[in-house]
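Residue numbers (the working numbering), protein chains in the order written: chain H, 1 to 518; chain F, 1001 to 1129.
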């Protein structure tokens, strides 16, 4: 009951934000980019909010609770990945684009093919990510609130409806503030949990980490004692190291290709603000992932792996830790935070996908660039958001609460790293790069990552044809290779001439999109 | 405007900046070239550094588990200590970039001011839309 009240409080607050946002926003720049008036710290929190999904909070806590050091590898990768965003992508993107990733590519390449292809990869990434969040969400929320009678279906449908309301009525402004509120809530929850964990060890790091070297649980019916500060509990022979390296590649290069993260940099006034916002995000995200150590190892020590397995499995580690430390009231708070987290992330995914459909696909492919009014673009984006929301709800309900969807998030990172990042890099730094290269690169990256996951252990188990869980180590080089070979097919003089303009614009901000005046 | 080339509307008709366009003038200037060199140097060095530092972790732990499994600091294995240092590494490199980029911003502003007198600046902004 308390869980529902807390969740309702969040929902009412965010609906209030949406009402305020819809009143104060006018026109396409408001809808797609929050008027480009978001400040650095606000955007930093919003980036962190978009990134710290339920998969991170519940998933990584669970991985550390089960595998110690090996689970912590995700935490490290998720933070270091932001160096790629900071050093290479954020500022040139802000200076040369308007609303989407494809803007950067279309700057000097033939717009129709590259926008169509980019919209496809954006939809693929957002779609996989969204379904993973919704199925995970529905399962988790119905488990956390089961005594209240809210089942899988109701929670999936309410997540879908709410995210449609945020995006359709509040656009990017509302979505940004929902992210900010959620990021603050999630950080509060994680900090409180960590303090309670350390409290159980008399606030002695020595005692806590000493205990972490002797974690007891049952493996194949035998009680074992493992050192959680040692590598090798998850990534085992024969493909352990390769699996880990492949995953690391997808994390480090995928973040800088995730559409819902990159569109955030269009919501700030200029490139220097975008840069500072990445550093804010790195501070928050880094702190969050440091704390996952205390949640994960805390759950392993205070709840125990056997109890977690018996009570809903690996993803329940954080909620079970909350019950053990703070009772039902604290569990209610964590349940509300989880719901807020899911809601905010799916809203962020929906707005970036809808923007790409309206701006890339509708305006520049369907209408072939015949002048479309900004009003029309916003209308198409709203219709798309409704369609995407309903589609995601239906797919999530069809898949059902018991499906293993964790690999979908890994797939989203792999597609982003293999299809988006190579072409973004090459279009910014290689003069010769052209339209054929961009389309070939995105297609190779997209197809190879999906196929390799399809024939990998996530689907085929022990019969897998491709032995690694994450395809990055093959599909990322494939994406680069496709882009380079495609480019070499023939020269595109216009794209090469416009490179000068792109370089000047990316590095000086001359001609970059401006913030709207209040 | 040629409707068949919509997204290049921010460019002159044939897509190529004329030799006297503000873009070309800036691109040809020594000041812009040296800014670009300085930026590239920082970004390439910074990226190479963090990629090597980061990938050393999975490679070393994956292929030299005995070495990385040694206890070096109380309960902590070498692998764990190395993993923890990735956090300050990322934050320090980000801080170093903020400092370097502040200078790049000043140089870029000076370049724009030098090549684009107030009026021409406005014209370039308009033609760039």
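All C-beta atoms, glycine included, are put in the ideal place defined by N, C-alpha and C.
Subject >> Other residues of its chain near residue 418 of chain H: CB distance less than 6 Å, five sequence neighbours each side excluded >> reply: Cβ neighbours of residue 418 of chain H beyond the five flanking positions: 445, 449, 475, 476, 479.
**OP:** With distances taken Cα to Cα, identify the nearest neighbour of residue 470 of chain H among H:463, H:462, H:458.
**Re:** H:458
Original post:
Of the choices H:455, H:350, H:423, H:415, whose alpha-carbon is the least far from that of residue 390 of chain H?
Top reply: Scanning H:455, H:350, H:423, H:415 for the CA closest to the CA of residue 390 of chain H turns up H:350.
Original post:
Along the segment 1083-1102 of chain F, what residues have a CB closer than 7 Å to any CB found in chain H?
Top reply: 1083, 1086, 1087, 1090, 1091, 1093, 1094, 1097, 1098, 1101
Original post:
What in chain F is Cβ-close to residue 230 of chain H, meaning under 8 Å?
Top reply: 1069, 1077, 1079, 1080
**OP:** Confirm, please, whether the CB-CB distance from residue 190 of chain H to residue 36 of chain H is below 8 Å.
**Re:** no
Subject >> Rounded straight-line distance, which links the Cα of residue 104 of chain H to that of residue 95 of chain H >> reply: 9 Å
Original post:
Mapping DSSP to helix, strand and coil, what is residue 432 of chain H?
Top reply: coil
**OP:** Select from H:245, H:172, H:431 the residue whose C-alpha is nearest the C-alpha of residue 263 of chain H.
**Re:** It is H:172.
Original post:
Hey, how far is the Cα of residue 1032 of chain F from the Cα of residue 122 of chain H?
Top reply: Distance from the CA atom of residue 1032 of chain F to the CA atom of residue 122 of chain H, rounded to whole angstroms, is 34 Å.
Original post:
Taking one C-beta from the segment 224-234 of chain H and one from the segment 1025-1044 of chain F each time, how about it: are there three or more such pairs within less than 8 Å?
Top reply: no
Subject >> Nearest-angstrom Cα separation, counted from residue 216 of chain H out to residue 395 of chain H >> reply: 39 Å
Original post:
Among the residues of its own chain, which have a CB less than 6 Å from the CB of residue 442 of chain H, if the five just before and after it don't count?
Top reply: 117, 121, 419, 423
**OP:** On the DSSP bridge assignment, give the partners of residue 1071 of chain F in chain order.
**Re:** F:1077
Original post:
Taking all protein chains shown into account, do 16 or more other C-beta atoms lie within 10 angstroms of the C-beta of residue 98 of chain H, making it buried, or fewer, making it exposed?
Top reply: buried
**OP:** For the beta strand (DSSP E) containing residue 89 of chain H, list its first residue and its last residue.
**Re:** Note, residue 89 of chain H: premise wrong, no beta strand (DSSP E); not H, not E.
Original post:
What residues from chain F crowd round residue 212 of chain H, counting only those whose CB sits closer than 8 Å?
Top reply: 1075
**OP:** Find the residues of chain F that neighbour residue 272 of chain H, judging by a C-beta separation of less than 9 Å, and give them in chain order.
**Re:** 1101, 1102, 1105
Original post:
For residue 217 of chain H, does the three-state DSSP call read helix, strand or coil?
Top reply: Looking at residue 217 of chain H - three-state DSSP - the assignment turns out to be strand.
**OP:** Report yes if the C-beta distance between residue 348 of chain H and residue 179 of chain H is below 8 Å; otherwise report no.
**Re:** yes
Subject >> Sub-8 Å separation of residue 100 of chain H and residue 255 of chain H beta-carbons >> reply: no
Subject >> For residue 226 of chain H: DSSP bridge partner residues >> reply: Per DSSP, H:215.
**OP:** Tell me whether residue 1024 of chain F sits in a helix, a strand or coil according to DSSP, three-state version.
**Re:** helix
Original post:
Between the segment 239-249 of chain H and the segment 336-345 of chain H, are three or more C-beta pairs nearer than 8 Å?
Top reply: By the Cβ rule, the segment 239-249 of chain H does not count as touching the segment 336-345 of chain H, because fewer than three pairs are nearer than 8 Å.
**OP:** Go ahead and label residue 1063 of chain F buried or exposed: buried means 16 or more other beta carbons lie within 10 angstroms of its beta carbon, across all protein chains shown.
**Re:** The residue is exposed, with fewer than 16 neighbouring Cβ atoms inside 10 Å.
Original post:
Between the segment 42-54 of chain H and the segment 279-296 of chain H, are three or more C-beta pairs nearer than 8 Å?
Top reply: yes
Original post:
Between the segment 178-197 of chain H and chain F, which residues of the former have a C-beta closer than 7 Å to a C-beta of the latter?
Top reply: none
Subject >> Range covered by the alpha helix (DSSP H) that runs through residue 17 of chain H >> reply: Counting along the chain, the unbroken alpha helix (DSSP H) around residue 17 of chain H starts and ends at 2-24.
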